[in-house]
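Report on one structure; see the data block that follows.
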Amino acid sequence: VSLSYRLLRYINSPGFGLGVKVESIRRAVAMMGSRALRRWLRVTIMSDLDQSGRGYALVSLSAQRAMYLQALGRCATTECRDDPDGLFLLGFFSLLGALLDQSMEELIDHLPLDSWLKTALIDPSAPEAAWLRLVEAQERGDWERVAEYLDRLGLDPVHSAEQYYQARIWADSVLGSSRGSI
11 VSLSYRLLRY
21 INSPGFGLGV
31 KVESIRRAVA
41 MMGSRALRRW
51 LRVTIMSDLD
61 QSGRGYALVS
71 LSAQRAMYLQ
81 ALGRCATTEC
91 RDDPDGLFLL
101 GFFSLLGALL
111 DQSMEELIDH
121 LPLDSWLKTA
131 LIDPSAPEAA
141 WLRLVEAQER
151 GDWERVAEYL
161 DRLGLDPVHS
171 AEQYYQARIW
181 ADSVLGSSRG
191 SI
């Protein structure tokens, strides 16, 4: 019941941008599509793991990272261009250890993830981790490092900035709909 309520609340929110009221779960699912629904479900379920202010901040940042990396992955000149959903998971799980107060290594052992994702999440020096280093540099405002990683990944700085902003809006919208659940 709670997920149904939150889904209808999300799809009817001003941030979703529909001009019509969606009154059924079936219609909401059809309008969102399976990929968007999976993203929304991941964020909503993760937000239930820790409902404190700290938990909310970590889930919000994870959601923003996920959407940002997925959007960047679609236009990268690296091999990750073919796996934007994998980049979504990379950003999404990047703070899971902090959220659950466990080491990333312990958590990764129990997740059925591609090997490149596991490597990126547990080895900061691995080439696969460049995506996480980019988003961390962005969050710190380390523009020299941001430029270095954008160049390494073959990404346009203007597009990156736009996607970072859009990811923030998306994360706020999704989490806004999941707060105040039944």
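Take the position in the sequence shown, starting the count at 1, then add 10; the result is the number in the working numbering. From the three backbone atoms N, C-alpha and C, an ideal C-beta is built for every residue, glycine too. As the structure is a computational prediction, the values presented were derived from the model and not from experiment.
Taken in chain order, the complete alpha helix (DSSP H) segments of 4 or more residues contained in the segment 92-120 are 94-103, 106-110 and 114-119. Cβ contact annotation for ALA81 (same chain, cutoff 6 Å, sequence separation greater than five): GLN173, in chain order.
Boundaries of the alpha helix (DSSP H) harbouring ASP161: 153-163, taken from the DSSP string. Between the C-alpha atoms of ARG84 and GLU115 there is a straight-line separation of about 28 Å. With a beta-carbon spacing of about 20 Å, LEU59 and LEU127 fall beyond the 8 Å limit used to define contacts. Here the segment 127-143 lies against the segment 98-110, with 3 or more beta-carbon pairs under 8 Å apart. In this structure, DSSP gives SER14 a helical state, which the three-state scheme calls helix. The three-state reading of DSSP puts ARG178 in helix, counting H, G and I together. Between ASP119 and GLY96, the C-beta spacing is not below 8 Å. Restricting attention to ARG143, GLU149 and ILE21, the CA atom closest to the CA of GLU158 is found in ARG143. When C-beta atoms of the segment 36-47 are compared with those of the segment 17-25, three or more pairs fall below 8 Å, so the two segments count as touching.
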